[in-house]
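Undergrad: What follows is a structure written as structure tokens; I'll ask about it next.
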Amino acid sequence: MPLLEETTVPREHPPTLPVVIIGNGPSGICLSYLLSGYKPYLDPSAVHPNPVLYRKLQETRHLPITEQDLEYLSEGLEGRSGNPVAVLFDTLLHPNADFGYEFPPVLQWRRDKQQHLPHLVLGRATPGGAWHVMEGSMLTISLGIWMELPGINYRDLTNNGKCRGVTNDRATPEEISSYYRNYVKLMGLKQNFVDNTYVTSVQKLFRGQEGEGLENGHGVLGEGGKGVYERGKGVYEGREGEGVDEGGGGGLWEVRGYQRVQGDTHVPFCLFSENVVLATGASDSPAQLGVEGEELPFVFHSISALGLAVSRKKLGPNSDPVLIVGAGLSAADAVLCACNNNISVLHAFRKHVDDPGLIFKQLPKTLYPEYHKVYHMIMAASVCSKIGGPVLFPDYTSFPEHCVVSFQSDMKCVLQGSNSLKAFKISMALVLIGTHPNLFFLKGQGQYLGLDPTKPISCKQNPVDVHPYTFECTKDPGLFAMGPLVGDNFVRFLKGGALGIASCLLKRLKKKGKLIAEGGGVGGGEFI
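Add 772 to the 1-based position in the sequence shown for our numbering, that's all there is to it.
What follows is the structure in structure tokens.
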């Protein structure tokens, strides 16, 4: 069933929630779990291998982690995330994981339904986010247990490890998406999720003057002791005491969009929220080269285009080569897909083959044999081009330290090396050089939220600037960001964002008496 329809809004005010989460991937799912009364405590029988952290945890072992001082607990910890709370939560869930150990978590989860914070999670599909659209047969870069969320063991739901060999601790996107769907059901979170929703606008409403007769197109507001909230030139009327949180910058957030129901029917909706969490991930907009001809129909920015062409037999051993641009894991997956189907590959990338920043040099061979095969192909082709000798991979040619100059309408591409231009006839081009988040629903595409507000939001170069322990945006109180938007691209670490945000909101709203028993007052089911 749809959310409250926008067409019903004029006289029946849209519902006001403490929290709206935009994005139903692992970030949004984990945050929903922590806002639904699930509390992490130090397990009385557990001993953390870090003695300093363990001593700190014992000092307040009667309190859940969400009610403790996260800055104090995080102090001195080191890990593979730049966000201290992400490192803290990771070491509580996977102690000493970076040293190759698989110690059990030191947390014990208890549910207190009196601590349920009403919220909605809005997602474009079923819970799981981008994992539903990834190629189902590939293996994740992370170990399967690092993809799991608190409370349910990944292996218990997937039976992972029964049918694969050395790499059996890695997972397929199909297994991960299934795990996340089942997780929401098993943990009793389904009432918080609204599927098939597309957010089109998020704007902040500020308190205006009462009694001034301001208009918002639905009549005069400000009468009868009601507060007035302004959005640009418009206003919103909110009743005093109806859950307006003055701690989030003195206003409410208006969230508008539509829900797709019964095929292509779009039902608009409007919600008000005291806090909004951006958990949209980073895979919405593929990065582009910005060169001539990139808009031509044989140039693609997704590996799925290659799989589709192969399945429809539009590509084969007799086709012209496929040009693959990029040196990341997506490009490597495309190389493997093409070579496994006997399709010739031209592989162009900007880095030198010995560049320590190449992702292949950072992956253990035993866990990632397929990616090291690609690196072996790159090195073999490089050696062959320099000193000659036998061609080990006749259907693969690499062009390190090359960039694309243009794509031509006659199916040709032009590559530029250090001192030469080369033109090739190709069957298709795959530009796989990364993705960017799409925050079109925020003013200025959300660019003002970045560390450098003069540049677009980028997960690596310009993440959203947030408080390190609450993940609240420094430029806009009441707005939070987590996951890839703040630089945590791995599920293993984005869970720390959920901990920081939940801790902040639960502490803030507990002071205001906004926490309620599950099923009472404002809840997800009230708006469905």
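Glycine included, C-beta positions come from ideal geometry on N, C-alpha and C.
Predicted model only: the values in this text are computed from it and were never measured.
Is there contact here, the segment 1226-1235 with the segment 1122-1140, by at least three beta-carbon pairs under 8 Å?
TA: Counting Cβ pairs under 8 Å, fewer than three are found: no touch.
Undergrad: Alpha helix (DSSP H) containing S1178: first to last residue?
TA: From DSSP, S1178 is part of no alpha helix (DSSP H) but of the beta strand (DSSP E) over C1175 to Q1180.
Undergrad: Which first and last residues belong to the beta strand (DSSP E) in which P1040 is found?
TA: Note, P1040: beta strand (DSSP E), T1037 to L1050.
Undergrad: Can you tell which of T1207, G1216, P890 and A858 has the C-alpha that lies nearest to the C-alpha of S713?
TA: No answer is possible for residue 713: the residues shown for the chain start at 773 and end at 1300.
Undergrad: If you follow the beta strand (DSSP E) that A1201 is in, where does it begin and where does it stop?
TA: It spans M1200 to V1203 - the beta strand (DSSP E) in which A1201 sits, taken as one unbroken run.
Undergrad: Is it true that the segment 1083-1098 meets the segment 1190-1202, where meeting means three or more beta-carbon pairs spaced less than 8 Å apart?
TA: Yes, the segment 1083-1098 is in contact with the segment 1190-1202.
Undergrad: Excluding the five sequence neighbours on either side, which residues of its own chain have a C-beta within less than 6 Å of the C-beta of A1270, listed in chain order?
TA: The answer, listed in chain order, is C802, L803 and L806.
Undergrad: How would you label Q1134, buried or exposed, when you count the other beta carbons within 10 angstroms and need 16 or more for buried?
TA: With fewer than 16 Cβ atoms within 10 Å of its Cβ, Q1134 is classed as exposed.
Undergrad: Please list the segments of the alpha helix (DSSP H) lying wholly inside the segment 1097-1157, counting only runs of 4 or more residues, in order along the chain.
TA: Complete alpha helix (DSSP H) runs here, min 4: 1101-1112.
Undergrad: Using the Cα positions of Y1220 and L845, report the straight-line distance between them to the nearest angstrom.
TA: Y1220 and L845: Cα-Cα distance of roughly 31 Å.
Undergrad: To the nearest angstrom, how far is the alpha carbon of P787 from that of V878?
TA: Each residue's alpha carbon lies about 39 Å from the other.
Undergrad: DSSP three-state call for T838: helix, strand or coil?
TA: The answer is helix: DSSP assigns T838 an H, G or I state.
Undergrad: With S799 and G1098 assumed to form a contact (beta carbons below 8 Å), what rounded beta-carbon distance in angstroms separates them?
TA: That belief does not hold up - the Cβ atoms of S799 and G1098 are roughly 25 Å apart, past 8 Å.
Undergrad: To the nearest angstrom, how far is it from the Cα of D1036 to the Cα of F861?
TA: Their Cα atoms are separated by approximately 41 Å.
Undergrad: Mind checking F1212: buried by the 16 CB within 10 Å criterion, or exposed?
TA: With fewer than 16 Cβ atoms within 10 Å of its Cβ, F1212 is classed as exposed.
Undergrad: Cα-Cα, which of S1102, V1094 and Q887 is closest to L1278?
TA: The shortest Cα separation from L1278 among S1102, V1094 and Q887 belongs to Q887.
Undergrad: Please list the terminal residues of the continuous beta strand (DSSP E) segment that includes R1028.
TA: Residues G1023 to V1033.
Undergrad: Do you know whose CA, among A1054, L835 and V859, lies nearest G797's CA?
TA: That would be A1054, whose Cα lies nearest to the Cα of G797.
Undergrad: Would L842 and G1189 qualify as a contact pair, given that the criterion is a beta-carbon distance under 8 Å?
TA: No.
Undergrad: Are three or more beta carbon pairs between the segment 887-897 and the segment 826-833 nearer than 8 Å?
TA: Output reads no: the segment 826-833 does not touch the segment 887-897.
Undergrad: Do V1345 and L1187 have their C-beta atoms closer together than 8 Å?
TA: In the structure as shown, the chain begins at 773 and stops at 1300. Residue 1345 is therefore absent and cannot be evaluated.
Undergrad: Which residues in the same chain have their Cβ closer than 6 Å to the Cβ of V859, if we skip the five residues on either side of it in sequence?
TA: Closer than 6 Å at the Cβ level, and outside the excluded window around V859, lie L849, G851 and S853.
Undergrad: Could you give the DSSP three-state label for N954: helix, strand or coil?
TA: Three-state result, N954: helix.
Undergrad: Using only the alpha-carbon positions, how far apart do D967 and S1076 sit?
TA: Rounded to whole angstroms, D967 to S1076 spans 23 Å at the Cα level.
Undergrad: First and last residue of the beta strand (DSSP E) that includes S1170?
TA: Unbroken beta strand (DSSP E) run through S1170: Y1168 to P1172.
Undergrad: Would you report the Cα separation of D1105 and S973, rounded to the nearest angstrom?
TA: Going by the C-alpha atoms only, they are around 35 Å apart.
Undergrad: By the three-class DSSP mapping on this structure, what secondary structure does Y970 have?
TA: The answer is strand: DSSP assigns Y970 an E or B state.
Undergrad: Which same chain residues, not among the five before or five after I837, have their C-beta less than 6 Å away from its C-beta?
TA: These residues qualify, in order along the chain: P812.
Undergrad: Out of G809, I793 and Q880, which has the shortest C-alpha to C-alpha gap to H820?
TA: Answer by Cα proximity: Q880.
Undergrad: Which word fits H891, buried or exposed, when buried means at least 16 other C-beta atoms lie within 10 angstroms of its C-beta?
TA: Buried is the call here.
Undergrad: Which residues bound the beta strand (DSSP E) around T788?
TA: Note, T788: beta strand (DSSP E), T788 to I794.
Undergrad: Nearest by alpha-carbon distance to F1171: which of N1210, H1124 and E1067 is it?
TA: Per the Cα distances, H1124.
Undergrad: How should A1195 be labelled, buried or exposed, when 16 other C-beta atoms within 10 angstroms of its C-beta is the threshold for buried?
TA: Burial call: exposed.
Undergrad: Report the start-end ranges of each alpha helix (DSSP H) in the segment 1187-1272 that is 4 residues or longer and not cut off at the edges.
TA: Listed in chain order, nothing qualifies, since the segment 1187-1272 has no complete alpha helix (DSSP H) run of 4 or more residues.
Undergrad: Rounded to whole angstroms, what is the Cα-Cα separation between S1057 and G795?
TA: Cα-Cα distance, rounded: 15 Å.
Undergrad: Within 10 Å of its beta-carbon, does R1264 have 16 or more other beta-carbons around it, so buried, or fewer, so exposed?
TA: Label assigned to R1264: buried.
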